[in-house]
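Report on one structure; see the data block that follows.
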Amino acid sequence: MSKYKTICFANQKGGVGKTTCAVNIAACIARSGKKVLLIDSDPQGNATSGLGINKRNTGATVYDLIIGRSRADEAVIPTEYENLYIVPSSINLVGAELELVDEEKREFRLRDALQVVKDDYDYVIVDCPPSLGLITINALTASDAIIVPVLCEYYSLEGLSQLTMTIKQIKRFYNPSLELLGVLINMFDGRLNLSVQVLEEIKKYFSDKLFKTPIPRNIKISEAPSYGMPITEYDRHSKGSAAYAAVAREVMDRCGY
Ligand code: ADP
Ligand code: MG
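All residue numbers for the sequence shown refer to this note's numbering, where the first residue is 1370 and numbers rise by one.
Right under this line is the structure:
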C-alpha cells in the first residue's frame, strides 16, 4: 500500500504550470507502468485538450460529478496513452460554484464521487483551477497530498504563504490527512540571479519538501500540448522530458512506491 494515492496540483496563481506539471507527471507515472487517472477540474480544460481530447466532444465531465449527475466510472475516458485515463473538464464547471452555494457538504462532492473509481487506479491526479474557490477546495478535500508548482519569482513567496494557510484550513475543516507532498520549481532558468536567489529562499523555507529537480523553462514543454501530447511523447530526448521523468520518480518515492 502506498501512503498517498490522490494528489492535486494547486496554486491560486495562474500560469505557474499546474496543468503542465499535472499532465506530464501523470504521463510519466503511467509510462512507468502504473495506472493513472487524471481529473481535469479547471473549467478551461487545458489538461483535457493537452492530451488530445476534444473538449466539446466528451460525455460526462467533472461538472457532472460535482453536481451529482454522473458517476465517476461513467465519466472516465481512456487517452491515447497506455495506463493514462482522464475525467475531462467542460466550461459549465464555471457555474458549479454558484449552483452549489446552498447545497450541503458541497466541499466533499469530488471526494465522494471518486470513491467508486479509486480502487481501479494506482494514482489519481487532480489539476486545479487558478483560484482558491470551491472547486479547488473540493480537490484539496479529495486529495491525500498536494504538489505546489511555483515560479522562481519574488511574488511566489507571498503566494506560498497564502497557500500554506489555505492548506491549514482545509486540514482543520475538511481533510485532516492532507499533506504537502512537495513544492515544485517550474520554468527555472539558472542563468538568472533572481531565480537562484528565490530558489535559496524557497529551500530555506520548505527544505526537504522542495523537489530536488527543478523543471527548466523549455520551449518543447510549451509546444507539446498543441499536439495533444505529453512531453515524453512529443520529444523524449528534450531537457524538459528528462526533468519530468526525474520529478515523477521523486513523486512516486514520496508516495511510497
Ligand atoms: P497553470 O495551469 O498554472 O495556469 P500552465 O501549465 O497552463 O499553468 O502553464 C502556463 C503556460 O506556461 C503555458 O503556456 C505552458 O505551456 C507554459 N509552460 C509551463 N511550464 C513550462 C516550462 N517548464 N517551460 C516552458 N513553458 C512552460
Ligand atoms: Mg491550468
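Even glycine gets a Cβ: it sits at the ideal position worked out from N, Cα and C.
Note that the structure is predicted; figures quoted are calculated from it, not measured.
So does residue i have its beta carbon nearer than 8 Å to some heavy atom of ligand 1?
i       : result
Ile1590 : yes
Ile1435 : no
Lys1404 : no
Thr1388 : yes
Arg1605 : no
Arg1586 : yes
Gly1383 : yes
Gly1625 : no
Counting only the same chain and skipping the five closest in sequence on each side, list residues whose C-beta sits under 8 Å from that of residue i.
i       : result
Gly1383 : Pro1499
Thr1601 : Asn1393, Ala1396, Cys1397, Arg1400, Ser1610, Tyr1613 and Ala1614
According to the neighbour-count rule (16 or more other Cβ atoms, all chains shown, within 10 Å of its Cβ), is residue i buried or exposed?
i       : result
Ser1564 : buried
Lys1537 : exposed
Gly1464 : exposed
Asp1558 : exposed
Met1534 : exposed
Ile1539 : buried
Phe1542 : exposed
Leu1467 : exposed
May I ask you to list the residues that DSSP assigns as paired with residue i?
i       : result
Cys1377 : Val1495 and Ile1515
Val1486 : Val1486 is not bridged to any residue.
Asp1660 : With the chain running from 1370 to 1626 in the structure shown, residue 1660 is simply not present.
Pro1585 : Phe1557
Tyr1454 : Leu1406 and Pro1447
Glu1548 : Ala1514
Leu1579 : Val1552
Leu1532 : The partner list for Leu1532 (beta bridge, DSSP) is empty, contrary to what the question assumes.
For residue i, which residues of its own chain have a beta-carbon under 7 Å away from its beta-carbon, when the five flanking residues on both sides are left out?
i       : result
Ala1391 : Phe1378, Leu1407, Ala1416, Ile1494 and Asp1496
Asn1544 : Leu1509 and Thr1510
Please tell me whether, using a cut-off of 8 Å, the distance from the CB of residue i to the nearest non-hydrogen atom of ligand 2 is below it.
i       : result
Asn1423 : no
Gln1413 : yes
Gly1597 : no
Ala1416 : yes
Gly1502 : no
Pro1583 : no
Asp1558 : no
Sorted by chain position, which residues of the same chain lie with C-beta nearer than 6 Å to residue i's C-beta, five sequence neighbours on each side aside?
i       : result
Arg1623 : Leu1550
Ala1429 : Ser1439, Glu1443 and Ala1444
Gly1386 : Pro1518 and Asn1555
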